[in-house]
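Input: a single structure, listed below in structure tokens.
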Amino acid sequence: AQSVTQLGSHVSVSEGALVLLRCNYSSSVPPYLFWYVQYPNQGLQLLLKYTTGATLVKGINGFEAEFKKSETSFHLTKPSAHMSDAAEYFCAVSVNAGNNRKLIWGLGTSLAVNP
Amino acid sequence: DGGITQSPKYLFRKEGQNVTLSCEQNLNHDAMYWYRQDPGQGLRLIYYSQIVNDFQKGDIAEGYSVSREKKESFPLTVTSAQKNPTAFYLCASSPHPAGEQYFGPGTRLTVT
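Sequence order for the protein chains is A and B.
Sequential numbering of the first sequence, starting at 1220, is according to the numbering used here.
Sequential numbering of the second sequence, starting at 342, is according to the numbering used here.
Encoded structure:
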């Protein structure tokens, strides 16, 4: 079965430090990959997506992610964490579901940013 | 402004009552989705619809029902058959099935 694994349900960094959130997927076909952010009691907001083309994808709020097919990974990074980055982050992959497609979601990583 | 609206933000019901959650979008998207979110369990797909008058069960459809009579609207009914209805419910839409989904603000349902 296709799946998405986010390593680390909780990640804590200091303000100004590198943010690295890990995502690995299993898919038998080239995937579409997504990262979303969720603030408490709100909906999810798309940070960035990979469909085809350049494997380094830039998103909003200074985040970027790199698609590595050989490692089946799509890790999310930001060079310098800000207090406002504290939130829940979800990785997702688009997969076939019969005649349709749907997103398979990771369980999320909660990012804490310490002053 | 284009977007997805969900109402109400908070909803309280007594056990045994059916309740309908509203989801409306003005993005002209064909596909719409309902998810349930519980702490530590990520997002679980309840139902999805890729065109008007058609919808499919997701991974946890039991105890839920939907309709898609209009492109803009995809209401979710939580029936009394749903054993653990208390959760955060998220509606999303997408311009095409393989693409990114756009989310509403969510409805937090509490059943006592």
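Heads up, the beta-carbon is just placed ideally off N, CA and C, and yes, glycines get one too.
The model shown is predicted, which means the values in this text are computed figures rather than measured ones.
Taking a Cβ-Cβ cut-off of 7 Å, residue 366 of chain B has no neighbours in chain A, whose nearest Cβ is about 12 Å from it.
Taking a cut-off of 8 Å on C-beta distances, the region 375-388 of chain B touches the region 1313-1327 of chain A, as three or more cross pairs fall below it. When Cβ-Cβ separations below 7 Å define contact, residue 1282 of chain A makes no contact with chain B. In the three-state DSSP reduction, residue 441 of chain B falls in the coil class, being neither helix nor strand. Think of a sphere of 7 Å around the beta carbon of residue 1322 of chain A: the chain B residues whose beta carbon falls inside it are 442, in chain order.
Residue 448 of chain B and residue 351 of chain B have their C-alpha atoms spaced approximately 6 Å apart.
In the structure shown, the three-state DSSP call for residue 1279 of chain A is helix.
The three-state reading of DSSP puts residue 410 of chain B in coil, since its state is none of H, G, I, E or B.
Excluding sequence positions up to five before and after residue 377 of chain B, its CB lies within less than 7 Å of the CB of 385, 387, 401, 428 and 430, all in the same chain and listed in chain order. Between the C-alpha atoms of residue 397 of chain B and residue 412 of chain B there is a straight-line separation of about 15 Å.
Between residue 1298 of chain A and residue 1237 of chain A a beta carbon distance of about 6 Å is seen, short of the 8 Å cut, so the two are scored as contacting.
Distance check between residue 1283 of chain A and each of A/1240, A/1221, A/1311 and A/1222 places A/1240 closest, using alpha-carbon atoms only. Sixteen is the threshold: since fewer than 16 other Cβ atoms of the shown chains lie within 10 Å of the Cβ of residue 422 of chain B, the residue is exposed. At a C-beta separation below 7 Å, residue 1243 of chain A has no neighbours in chain B, since its nearest C-beta there lies roughly 15 Å away. Residues are counted here when their Cβ sits less than 9 Å from a Cβ of chain B; for the region 1245-1268 of chain A these are 1251, 1253, 1255, 1257, 1260, 1261, 1262, 1263, 1264, 1265 and 1268, given in chain order.
Taken atom to atom, the span from the alpha-carbon of residue 406 of chain B to that of residue 361 of chain B is near 9 Å.
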